[in-house]
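*Asks:* One structure, pasted below without further comment.
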Amino acid sequence: MKGRMILNTHKKNLAAARLQAIAAILLLGANQAFAAVPQQAQAAQSGSQQTQPTPDAPSTATTGTPTPTLAQQAQQLAQQSISPQRPFHVSMPHSHNPIAPYRPSTVPELDLNNSPRLANLIRDGKIYISLNDAIALAIEDNLDLASFRYNLPTALADLARTKAGGSTNGVNTSISSPLGAVGGSSAGGGGAVSSGAAAAGAGGLVQSTLGEGTFVNPFDPVLTVKGYVDHTKTQELNTIVVGVPLLETNTIAYTTQYTEYFPSGTGIQWTLNGQRQTSNSPLNIVDPSITLYWQVYVAQPLLAGFGFGTNERWIRIAKRNLQITDYAFKAQVVATVTGVEDIYWDLVNAYEDEQIKERSLAYTNQTLSDDQKQLELKAIPAMQVMTDQAAVAAAEGNLTISRTNLRAAEFFMKNAITKADDPTIDAMSVIPLDTKGISDPNESKSIDDLIAEAEKNRPDVSQDQIGMQIARENLKAVNNALLPQLNAYGFFGGTGNGGPLNPNCNQGPTYCTTTLPSTTPGVLQDAFNYSAPEYQVGFTLNVTLRNRIQKADQFRAQLAFRQSQIAYEQQKKTIRFDVRNSQFALQQAQGRIEAAQKARDLAQRTFDITKQEQKLGAKSSVDTLIAESALAIAESALYVAQTQYEKAKVDIDRATGETLERTGVSIDDAKAGIVTHAP
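First residue of the sequence shown: 8, per this note's numbering; consecutive thereafter.
Here you go:
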């Protein structure tokens with residue numbers, strides 16, 4: 008009788024413990040359901056049936072009005088005024104100061120301060136960030152994009168150089184992706200290297216026949232002035248020639264020359280020489296003697312080097328390179344936005360996985376606690392508690408790995424949205440606000456429409472087209488270099504001589520007289536009054552026999568042009584393949600989500616049934632732990648599938664060239680480094 012009473016008491020305690028466990032589970036389920044309401048609304052809006060947990064929000068004071076959700080708070084913060092930030096602006100200096108061209112130019116110092124936008128996202132020591140926030144911060148703070156902005160004024164400086172007759176130095180148009188971006192689901196990545204980018208001169212080097220042809224003289228005028236004072240004493244063999252045994256001369260001379268070349272190939276040179284010389288020779292009629300000579304020389308190539316097409320080729324290449332650099336900047340913005348989107352969805356996946364592992368650990372801890380109480384009542388064997396302890400250890404290990412992955416994802420995100428390391432920011436957690444992306448219209452488009460969009464929108468296609476134009480125009484200059492050098496020239500000049508009579512002249516009145524002017528103004532007048540002119544016209548012909556160097560260069564240029572045509576066709580083919588591959592990846596991601604969703608639902612039902620059977624005594628807590636572990640694995644797999652799906656949408660937008668349009672990114676904002684239009 009006493010044993011029966013103890014057994015009844017034990018059953019009552021067991022029933023009470025079960026009721027407490029059921030109440031705790033129901034309470035936990037209710038809390039999760041209430042927490043999932045905002046995400047359910049978001050999922051319903053996006054057409055998905057998956058329930059997403061809402062990130063932990065900072066504590067707010069309880070008021071009579073409903074507390075705004077975390078997403079609403081983030082939207083309100085985004086609408087607040089952001090502290091002004093200095094826009095990026097670097098241009099070629101222009102000044103009317105005649106000394107300015109001979110003084111070094113300066114570029115503003117680097118601004119390595121993080122965007123004020125980032126400070127507005129920090130609350131309670133955490134960074135609450137949406138996808139649009141991440142994109143805006145990457146445009147303002149990402150160092151890859153900040154570095155590429157300097158390529159735009161570099162291209163302008165190259166153009167200014169060619170307008171003066173110089174050759175192009177090329178512009179670096181290589182594209183970089185943020186650290187941590189894996190390029191989405193597509194194996195195609197960014198496709199082949201653009202031939203237009205190669206034409207712009209990756210790394211500033213152009214190692215090809217691009218720009219070959221006859222030498223282009225600088226178009227900037229050159230003024231040369233030379234002056235000197237000379238004193239000379241010369242020992243003479245006898246006095247017959249100069250009249251003295253030691254001839255002393257004092258000379259003051261100057262030369263002024265102005266040279267200018269024009270895009271037509273025409274060259275003009277104006278020269279003025281003047282000299283004043285005194286000596287101790289009694290045979291000189293005038294002392295000092297004054298001489299003035301001037302000449303205007305004009306030359307025009309008639310074959311090689313003739314015309315604007317040959318002499319302005321560097322200008323045309325620089326203008327094309329400027330266009331290529333502009334398209335390359337757009338490609339860099341696309342790469343940056345795409346990379347940040349991938350990093351963001353990896354962060355979402357890591358965050359969700361940590362939530363799953365935390366719930367799993369909490370459940371295993373609760374099961375261990377319940378079974379320990381049952382063991383104290385000797386209702387279960389000790390082996391079951393040991394099994395629970397092993398499950399807790401495994402759950403703790405899984406949670407540690409998940410938290411490590413989350414820290415890494417947070418690191419990649421903070422690296423992509425900051426300019427400089429900040430120990431305070433490095434220690435902050437990053438909470439993603441968007442756990443699902445919006446629907447993408449590319450999901451329902453046919454492959455032909457996607458390819459047509461890619462060929463119209465992708466910046467590398469425009470780069471290739473410009474590269475083809477450069478190669479075609481370059482052939483004209485290379486062909487011109489094959490011709491012989493035939494130059495027509497002409498010059499006209501005048502001379503003036505004179506000076507005062509030499510008072511030491513000892514050759515008699517007849518010899519020591521002259522009709523030349525005795526003053527410098529008179530000499531100058533004679534030089535320009537056509538009294539002693541000189542003029543000449545003629546030509547020079549320079550024919551390189553066999554002409555093997557120019558012939559080889561011309562043939563190589565033809566071969567390079569054919570190769571560029573093949574590269575252009577190959578690039579278009581690669582783009583088509585890239586689009587198809589992205590579409591396949593998107594379709595596969597959609598299929599994985601459906602399969603993962605079904606697996607998760609099945610695991611949830613299995614867990615619910617197993618838990619119910621445990622209550623009825625048909626299953627043990629070990630069976631429930633196994634079912635819960637399978638549910639956690641299925642939930643993680645579902646989030647992985649959702650992440651791959653979001654990244655597949657990101658990749659198909661990149662492949663079709665619609666990334667900036669879909670995200671609402673303005674190229675003008677990207678160039679300025681300040682986002683004024685919300686993505």
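Idealized CB from N, CA, C, for every residue including glycine.
#1: Candidates A639, P466, V544: which alpha carbon is nearest A495's?
#2: If L138 and S122 are in contact, beta carbons under 8 Å, what's the gap, nearest whole angstrom?
#3: Can you name, in chain order, every residue of its own chain whose Cβ lies under 8 Å from the Cβ of R607, other than the five neighbours on each side?
#4: Given the structure, does L632 come close to the ligand MN, in the sense that its CB is under 7 Å from one of the ligand's heavy atoms?
#5: Taking Cβ positions, are G664 and E460 nearer each other than 8 Å?
#6: Consult DSSP for G680 and reduce its assignment to one of helix, strand or coil.
#7: Going straight from the alpha carbon of V682 to that of S673, what length do you get?
#8: To which residues of the same chain is I259 closer than 6 Å at the C-beta, ignoring the five residues directly before and after it?
#9: Could you have a look at D237 and say whether DSSP puts it in helix, strand or coil?
#10: Please report the straight-line C-alpha distance between R661 and N464, rounded to a whole angstrom.
#11: Taking C-alpha atoms, which residue in N509, G497, S112 lies nearest to A306?
#12: Rounding to the nearest angstrom, what Cα-Cα distance links T345 and H101 in this structure?
#13: Enumerated in chain order, which unbroken segments of the alpha helix (DSSP H) with a length of 4 residues or greater are wholly contained in the region 125-182?
#14: Considering L632, what are the terminal residues of the alpha helix (DSSP H) in which it resides?
#15: So, using beta-carbon positions, are E635 and Y334 closer together than 8 Å?
#16: Identify, in the order they occur along the chain, each residue of the same chain with its Cβ nearer than 6 Å to the Cβ of S184, setting aside the five sequence neighbours on each side.
#17: Over what stretch of residues does the alpha helix (DSSP H) that includes P524 continue unbroken?
#18: Within a Cβ cutoff of 8 Å, which residues of the same chain sit near T175, ignoring the five residues on either side of it in sequence?
#19: Counting C-beta neighbours from all protein chains within 10 Å, is the total for T161 16 or more, i.e. buried, or is it exposed?
#20: Which residue from Q476, I331, M390, I106 puts its Cα closest to that of V629?
#21: Does the beta-carbon of V6 have 16 or more other beta-carbons within 10 angstroms, so that it is buried, or is it exposed?
#22: Spatial neighbours of G234 within its chain, please: CB distance less than 6 Å, with the 5 preceding and 5 following residues excluded, ordered by chain position.
#23: Going residue by residue through the region 435-468, where are the continuous alpha helix (DSSP H) segments of at least 4 residues, counting only ones entirely within it?
#24: Near P524, what residues of its chain come up, given a Cβ to Cβ distance below 6 Å and the 5 sequence neighbours on each side ignored?
#25: Considering Cα atoms alone, identify which of Q572, N356, L552 is closest to K654.
#26: According to DSSP, what are the bridge partners of F535?
#27: Could you please give me the residues that DSSP links to T547 through a beta bridge?
#28: For the beta strand (DSSP E) that G281 lies in, which residues bound it at each end?
#29: For a quick check, are the C-beta atoms of L299 and A539 less than 8 Å apart?
#30: Which residue's Cα is closest to the Cα of F499: D353, A567, Y537?
#31: Cα separation between V200 and S469?
#32: For L368, which of N405, L119, H238 has the nearest alpha-carbon?
#33: Is the beta carbon of L490 sitting closer than 8 Å to the one on Q561?
#34: Going by DSSP, what residues sit across from L299 in a beta bridge?
#35: Taking only runs that begin and end inside the region 294-351, name each unbroken beta strand (DSSP E) of 3 or more residues, in chain order.
#36: Please confirm whether Q422 and L159 have their CB atoms less than 8 Å apart.
*Replies:* This is what the structure holds:
#1: Taking the sequence shown and counting its residues from 1, one reaches residue 495 at position 488. Checked all of A639, P466, V544; the closest Cα to A495 is V544.
#2: Here residue 138 corresponds to residue number 131 of the sequence shown, with the count starting at 1. Here residue 122 corresponds to residue number 115 of the sequence shown, with the count starting at 1. Contact doesn't hold; Cβ gap of about 16 Å is too wide.
#3: Here residue 607 refers to the residue found at position 600 when the sequence shown is read from its first residue. Within the same chain, R607 has close Cβ partners L638, A641, E642, A644, L645.
#4: Here there are no bound small molecules, and the ligand MN is not part of this structure.
#5: To locate residue 664, count along the sequence shown from 1; it is residue 657. To locate residue 460, count along the sequence shown from 1; it is residue 453. Taking 8 Å as the Cβ cut-off, G664 and E460 qualify as a contacting pair.
#6: By one-based count along the sequence shown, residue 680 stands at place 673. G680: coil per DSSP, three-state reduction.
#7: Stepping through the sequence shown from its first residue, residue 682 is reached at position 675. Stepping through the sequence shown from its first residue, residue 673 is reached at position 666. Spanning the two alpha carbons is a distance of roughly 8 Å.
#8: Here the question's residue 259 lines up with position 252 in the sequence shown. For I259, where only same-chain residues beyond five positions count, the Cβ hits under 6 Å are V236, R283.
#9: Within the sequence shown, the letter at position 230 stands for residue 237. Note: D237 maps to strand in three-state DSSP.
#10: Numbered from 1 along the sequence shown, position 654 holds the residue referred to as residue 661. Numbered from 1 along the sequence shown, position 457 holds the residue referred to as residue 464. Answer to the nearest angstrom: the Cα atoms are 10 Å apart.
#11: Indexing the sequence shown from 1 puts residue 306 at position 299. It is G497 whose Cα lies nearest to the Cα of A306.
#12: In the sequence shown, the residue the question calls residue 345 occupies position 338. In the sequence shown, the residue the question calls residue 101 occupies position 94. Rounded to whole angstroms, T345 to H101 spans 37 Å at the Cα level.
#13: 138-148, 150-156, 158-170
#14: Within the sequence shown, numbered from 1, the residue matching residue 632 stands at position 625. Where L632 is concerned, the enclosing alpha helix (DSSP H) stretches over 628-663.
#15: As a working mapping, residue 635 is identified with position 628 in the sequence shown. As a working mapping, residue 334 is identified with position 327 in the sequence shown. No, Cβ-Cβ distance for E635 and Y334 is not below 8 Å.
#16: One-based indexing of the sequence shown puts residue 184 at position 177. Here the set comprises A342, G346.
#17: Numbered from 1 along the sequence shown, position 517 holds the residue referred to as residue 524. Counting along the chain, P524 falls outside any alpha helix (DSSP H), and DSSP gives it neither H nor E.
#18: What you label residue 175 is simply residue 168 of the sequence shown in a count that begins at 1. D165, R168, T169, G208, V213, G218, W321, I324, A325, N328.
#19: Mapped onto the sequence shown, residue 161 falls at position 154. When all chains shown are included, T161 counts as buried.
#20: Along the sequence shown, one-based indexing puts residue 629 at 622. Considering only alpha carbons, the answer is M390.
#21: The question about residue 6 has no answer here: the residues shown for the chain are numbered 8 through 686.
#22: The residue you call residue 234 lines up with position 227 of the sequence shown. So the list reads Y261, once near-sequence residues are dropped.
#23: 454-464
#24: Counted from its first residue, the sequence shown places residue 524 at position 517. Correct list, in chain order: G505, V530.
#25: Numbered from 1 along the sequence shown, position 647 holds the residue referred to as residue 654. The shortest C-alpha separation from K654 is found at N356.
#26: Walking along the sequence shown from the start, residue 535 turns up at place 528. Partner(s): none; F535 has no beta bridge.
#27: For the purposes of this step, residue 547 is taken as the residue at position 540 of the sequence shown. DSSP output for T547 lists N494 as bridge partner(s).
#28: On the sequence shown, position 274 is the one that residue 281 refers to. Run containing G281: 274-286, per the beta strand (DSSP E) assignment.
#29: To locate residue 299, count along the sequence shown from 1; it is residue 292. To locate residue 539, count along the sequence shown from 1; it is residue 532. Cβ distance not < 8 Å, so L299 and A539 don't count as in contact.
#30: Position 492 of the sequence shown, counting from 1, holds the residue named residue 499. F499 has its Cα closest to that of Y537, out of D353, A567, Y537.
#31: As a position in the sequence shown, residue 200 is number 193, starting the count at 1. As a position in the sequence shown, residue 469 is number 462, starting the count at 1. Here the model assigns V200 a pLDDT of 44, short of 50, so the residue's position is not dependable and the matter cannot be decided.
#32: Taking the sequence shown and counting its residues from 1, the one referred to as residue 368 is at position 361. Considering only alpha carbons, the answer is N405.
#33: As a position in the sequence shown, residue 490 is number 483, starting the count at 1. As a position in the sequence shown, residue 561 is number 554, starting the count at 1. No. Outside cutoff.
#34: Walking along the sequence shown from the start, residue 299 turns up at place 292. G281, G503.
#35: 296-308
#36: Reading the sequence shown from its first residue, position 415 is the one you call residue 422. Reading the sequence shown from its first residue, position 152 is the one you call residue 159. Note on identity: in this sequence residue 422 is Asn, with Gln being the wrong assignment. Taking 8 Å as the Cβ cut-off, N422 and L159 do not qualify as a contacting pair.
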